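Visitor: Quick note, the sequences are listed as chains A and B, same order.
Reading the first sequence from the start, the letters are residues 15 to 306 in our numbering.
Reading the second sequence from the start, the letters are residues 15 to 306 in our numbering.
The beta carbon of each residue, even a glycine, is placed where N, CA and C say it ideally should be.
As the structure is a prediction and not an experimental result, all values here were calculated from the model.
Protein chains: 2
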Amino acid sequence: MVNKIEKVALFGGTHGNEMTGIYLIKKFLKHPHLLERSTLQVFPFLSNPKAIQSRVRYTEIDLNRCFAPEDLGDLDQVLYEQLLAKTIHQKLLNNQINFVVDLHSTTANMGLTLILSDTNDFHLQLCTYLSLIYPELKILYYASTEKNKLLRSNTDLGLSLEIGAIPQGILDANLFIKTEKLIYSLLDYLEEYNQNKIDQKSHNLVFYEVFERIDYPREEEEITAMIHPNLQFKDYQPLNFGDPLFLTFEGENIIYDGSSEVYPVFINEAAYYEKGIAMCLTKKREINVTFH
Amino acid sequence: MVNKIEKVALFGGTHGNEMTGIYLIKKFLKHPHLLERSTLQVFPFLSNPKAIQSRVRYTEIDLNRCFAPEDLGDLDQVLYEQLLAKTIHQKLLNNQINFVVDLHSTTANMGLTLILSDTNDFHLQLCTYLSLIYPELKILYYASTEKNKLLRSNTDLGLSLEIGAIPQGILDANLFIKTEKLIYSLLDYLEEYNQNKIDQKSHNLVFYEVFERIDYPREEEEITAMIHPNLQFKDYQPLNFGDPLFLTFEGENIIYDGSSEVYPVFINEAAYYEKGIAMCLTKKREINVTFH
Numbered sequence: 015m016v017n018k019i020e021k022v023a024l025f026g027g028t029h030g031n032e033m034t035g036i037y038l039i040k041k042f043l044k045h046p047h048l049l050e051r052s053t054l055q056v057f058p059f060l061s062n063p064k065a066i067q068s069r070v071r072y073t074e075i076d077l078n079r080c081f082a083p084e085d086l087g088d089l090d091q092v093l094y095e096q097l098l099a100k101t102i103h104q105k106l107l108n109n110q111i112n113f114v115v116d117l118h119s120t121t122a123n124m125g126l127t128l129i130l131s132d133t134n135d136f137h138l139q140l141c142t143y144l145s146l147i148y149p150e151l152k153i154l155y156y157a158s159t160e161k162n163k164l165l166r167s168n169t170d171l172g173l174s175l176e177i178g179a180i181p182q183g184i185l186d187a188n189l190f191i192k193t194e195k196l197i198y199s200l201l202d203y204l205e206e207y208n209q210n211k212i213d214q215k216s217h218n219l220v221f222y223e224v225f226e227r228i229d230y231p232r233e234e235e236e237i238t239a240m241i242h243p244n245l246q247f248k249d250y251q252p253l254n255f256g257d258p259l260f261l262t263f264e265g266e267n268i269i270y271d272g273s274s275e276v277y278p279v280f281i282n283e284a285a286y287y288e289k290g291i292a293m294c295l296t297k298k299r300e301i302n303v304t305f306h
Numbered sequence: 015m016v017n018k019i020e021k022v023a024l025f026g027g028t029h030g031n032e033m034t035g036i037y038l039i040k041k042f043l044k045h046p047h048l049l050e051r052s053t054l055q056v057f058p059f060l061s062n063p064k065a066i067q068s069r070v071r072y073t074e075i076d077l078n079r080c081f082a083p084e085d086l087g088d089l090d091q092v093l094y095e096q097l098l099a100k101t102i103h104q105k106l107l108n109n110q111i112n113f114v115v116d117l118h119s120t121t122a123n124m125g126l127t128l129i130l131s132d133t134n135d136f137h138l139q140l141c142t143y144l145s146l147i148y149p150e151l152k153i154l155y156y157a158s159t160e161k162n163k164l165l166r167s168n169t170d171l172g173l174s175l176e177i178g179a180i181p182q183g184i185l186d187a188n189l190f191i192k193t194e195k196l197i198y199s200l201l202d203y204l205e206e207y208n209q210n211k212i213d214q215k216s217h218n219l220v221f222y223e224v225f226e227r228i229d230y231p232r233e234e235e236e237i238t239a240m241i242h243p244n245l246q247f248k249d250y251q252p253l254n255f256g257d258p259l260f261l262t263f264e265g266e267n268i269i270y271d272g273s274s275e276v277y278p279v280f281i282n283e284a285a286y287y288e289k290g291i292a293m294c295l296t297k298k299r300e301i302n303v304t305f306h
């Protein structure tokens, strides 16, 4: 069991065109008292200043895929984001950070989503606490592969926060406010946890577990179809055999031919076209979470 | 009065991250019969291949601001898009193009909008014809400044088509289909016009005329506020004295202090943050259009 969370790092701008996190961090840097809690120190960071300056996701390589231990240890990997990842990792070590929150946004209609790489008790309790305050909050369990370690993988404890749907490069005031409130509640939880004040009964927690990623239909790299209109904006809604997945440019439907009910997320995320991901498929899970 | 429209150029990808136009042009290049009409030739073009490849608006400078005659004639302007503009201009001359359609998309909620640089009879008749088929269609009169000539400014006749709200970098099947249909109706009109088959009575046409552009509140370049939640997605809706325009990051409202009713458009367009435009203000006009 985790003892205390004393040092928290809050990142925005890990992707330089995801403005919600960037402007929240700028706000916190300007008004540090907003993050003050008696039992923990919170450090706000802008992850990728060069990408933020250029209003792009990254300048040379996706920073949020550069944190595998062998990559961090490879001193011959010297693209801008590969260098930056080593520095961020060192910064987390030097500051003895034990909890990381990484703020993201998505063009997919995922509302307010917490993404976990690990379903340990601490994470599940935190998510349960926040779900009770924010019933619309979604919990996504998305284990990162060994090769593509994320910023949140730098510490044992940590998560990403996604908000959407929002285009890259803009702010949406409603989503900004929602994200800000959730951050304060998350810090409140850590504070209460440190003070042994968490006094919850057991609760059921629904979460979604990513098990597969689906690419767009392609011919020689080039996509040949779009997300089907019936599926657009339908993140976290059930998809069954025979439901339309894609619509070709010539107007033909391509259906889902899996046998079991799944729940797609990251549907039509702009940054995932180049990664070969049209959506991620999840299974819906429900577990009982107890507080010790 | 215009005699006949015999050569039409259809552009997509003038901005390389506006996917609707890009994939429509790719479709037309693959299926050229879709653009065939008996009295006119239609040439589909991808404007900025390098920006399209990189999925960015432009590589060095906004192509759609490079078409002023003095820029086209200045052989010392050799940024990629400045060179490209000269080539596109020459291509239009060589092909004796007399009508240009330039396909764009926007993160603002502007629906299906035709943008005119010039309210000549030909343009107004075309817009009236299309408005009768598509009642949701909006007509925007946005005169370009002498210094910032657009692709559509290369010919006396021509217009831009905007579709939104859609994030940069993604396709939305519904908006793709709407744009495609409108293009076919536009070509049908040109065909009927060439055949002297336009047989309309006079009709009233509503259009919106841009008269001012408003920037975000800023401190030393940096924005200090967001589009107000009440205004987000409210393109083409009336705005009056006292209505909220912006919400500062600290939560304060900034109101519209103009005295007359206006209709904002391009509200929260991602590409306009760097241009210093939070929205464009328009006046609503209504005129009677007769067909000769």
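Mark Val-276 of chain B as exposed unless 16 or more other C-beta atoms lie within 10 angstroms of its C-beta, in which case mark it buried.
Guide: Val-276 of chain B comes out buried.
Visitor: What does a CB cutoff of less than 7 Å around Asn-272 of chain B pick up in its chain, not counting 5 residues either side in sequence?
Guide: Looking at the sequence itself, residue 272 of chain B is Gly, so the reference to Asn does not match. For Gly-272 of chain B, where only same-chain residues beyond five positions count, the Cβ hits under 7 Å are Phe-255.
Visitor: Is the CB of Gln-246 of chain B under 8 Å away from at least one CB in chain A?
Guide: Answer yes: the Cβ-Cβ gap between Gln-246 of chain B and chain A drops below 8 Å somewhere.
Visitor: Is there a C-beta anywhere in chain A that falls below 8 Å from the one on Glu-288 of chain B?
Guide: Yes, because at least one Cβ of chain A sits closer than 8 Å to the Cβ of Glu-288 of chain B.
Visitor: Please check if any C-beta of chain A sits within less than 8 Å of the C-beta of Lys-6 of chain B.
Guide: Since the first residue shown for chain B is 15 and the last is 306, residue 6 of chain B is missing from the structure and cannot be characterised.
Visitor: Any idea what DSSP makes of Thr-159 of chain B, helix, strand or coil?
Guide: Reduced to three states, the DSSP call for Thr-159 of chain B is coil.
Visitor: Quick one: is Tyr-37 of chain B near chain A, going by C-beta distance under 8 Å?
Guide: With 8 Å as the cut-off, Tyr-37 of chain B counts as an interface residue toward chain A.
Visitor: Measuring only between beta-carbons, confirm whether Arg-299 of chain A sits less than 8 Å from chain B.
Guide: Taking Cβ atoms only, chain B never reaches closer than 8 Å to Arg-299 of chain A, which makes this a no.
Visitor: Is DSSP giving Leu-130 of chain B helix, strand or coil here?
Guide: Strand.
Visitor: Mind checking Gly-265 of chain A: buried by the 16 CB within 10 Å criterion, or exposed?
Guide: Classification of Gly-265 of chain A: exposed, given that the 10 Å Cβ count is below 16.
Visitor: Which residues in chain B sit within 8 Å of Asn-78 of chain A, going by Cβ to Cβ distance?
Guide: Correct list: empty, because the minimum Cβ distance to chain B is about 17 Å.
Visitor: Count the C-beta pairs between the region 247 to 263 of chain A and the region 188 to 202 of chain A that are closer than 8 Å, then say yes if the count reaches three, no if not.
Guide: No, because fewer than three Cβ pairs between the region 247 to 263 of chain A and the region 188 to 202 of chain A fall closer than 8 Å, the two stretches do not touch.
Visitor: Taking Pro-252 of chain B as part of the alpha helix (DSSP H), name the residues at either end of that continuous run.
Guide: Run containing Pro-252 of chain B: none; DSSP gives neither H nor E here.
Visitor: For Leu-2 of chain A, which residues in the same chain have their Cβ closer than 8 Å to its Cβ, ignoring the five residues on either side in sequence?
Guide: Given that chain A is displayed from residue 15 to residue 306, the structure contains no residue 2 of chain A and the question cannot be resolved.
Visitor: When Cβ atoms are compared, which residues of the region 160 to 189 of chain B fall closer than 8 Å to chain A?
Guide: Listed by position along the chain: Ala-179, Ile-180, Pro-181, Gln-182, Gly-183, Ile-184, Leu-185, Asp-186, Ala-187 and Asn-188.
Visitor: Examine chain B for any beta-carbon lying closer than 8 Å to the beta-carbon of Met-293 of chain A, and answer yes or no.
Guide: So no, Met-293 of chain A is outside the interface.
Visitor: Quick check on this structure: which residue in A:Val-220, A:Lys-41 and A:Ala-239 has the alpha carbon closest to the alpha carbon of Pro-149 of chain A?
Guide: Closest by alpha carbon: A:Val-220.
Visitor: Would you mind giving the Cβ-Cβ distance between Glu-95 of chain A and Leu-77 of chain A, rounded to the nearest angstrom? I have them listed as a contact below 8 Å.
Guide: About 4 Å; that satisfies the 8 Å criterion.
Visitor: Quick one, are the C-beta atoms of Val-92 of chain B and Gly-30 of chain B less than 8 Å apart?
Guide: Contact: no.
Visitor: At a Cβ threshold of 8 Å, is Ile-241 of chain B touching chain A?
Guide: Yes, its Cβ sits closer than 8 Å to a Cβ of chain A.
Visitor: Taking Leu-253 of chain A as the query, report the chain B residues whose CB atoms sit under 9 Å from its CB, ordered along the chain.
Guide: What Leu-253 of chain A touches in chain B: nothing, since even the nearest Cβ is about 16 Å away.
Visitor: Can you tell me which of A:Val-114, A:Leu-295, A:Tyr-270 and A:Ser-68 puts its alpha carbon nearest to the alpha carbon of Glu-223 of chain A?
Guide: For the residues A:Val-114, A:Leu-295, A:Tyr-270 and A:Ser-68, the minimum Cα distance to Glu-223 of chain A belongs to A:Leu-295.
Visitor: Can you confirm whether Phe-263 of chain A, when its beta carbon is compared against all beta carbons of chain B, has any partner nearer than 8 Å?
Guide: Cβ-Cβ to chain B under 8 Å: yes for Phe-263 of chain A.
Visitor: Is it buried or exposed, Phe-225 of chain A, if we count other Cβ atoms within 10 angstroms and call 16 or more buried?
Guide: Label assigned to Phe-225 of chain A: exposed.
Visitor: For Ala-284 of chain A and chain B, any beta-carbon pair shorter than 8 Å?
Guide: With 8 Å as the cut-off, Ala-284 of chain A counts as an interface residue toward chain B.
Visitor: Closer than 8 Å by beta-carbon distance: list the chain B residues that pair up with Arg-69 of chain A, in chain order.
Guide: Residues of chain B passing the Cβ test: Tyr-287 and Glu-288.
Visitor: Have a look at Phe-247 of chain B and Ile-281 of chain B and give me their C-alpha separation to the nearest angstrom.
Guide: The alpha-carbon atoms of Phe-247 of chain B and Ile-281 of chain B are separated by roughly 7 Å.
Visitor: Apart from the five residues on each side of it in sequence, which residues of its chain come closer than 6 Å, Cβ to Cβ, to Thr-120 of chain B?
Guide: These residues qualify, in order along the chain: Glu-176, Gly-178 and Glu-283.
Visitor: Which runs of the beta strand (DSSP E) fall wholly inside the region 222 to 280 of chain B and span at least 3 residues, in chain order?
Guide: Segments of the beta strand (DSSP E) lying fully in the region 222 to 280 of chain B: 239 to 241, 258 to 262, 267 to 269 and 277 to 279.
Visitor: Could you pull out every residue in the same chain whose Cβ sits closer than 6 Å to the Cβ of Glu-206 of chain B, ignoring the five residues on either side in sequence?
Guide: Taken in chain order, the residues that qualify are Ile-212.
Visitor: Measuring CA to CA, which of A:Lys-297, A:Ser-52 and A:Glu-288 is closest to Gln-209 of chain A?
Guide: It is A:Ser-52.
Visitor: Identify whether Gln-55 of chain A lies in helix, strand or coil by the three-state DSSP scheme.
Guide: Strand.
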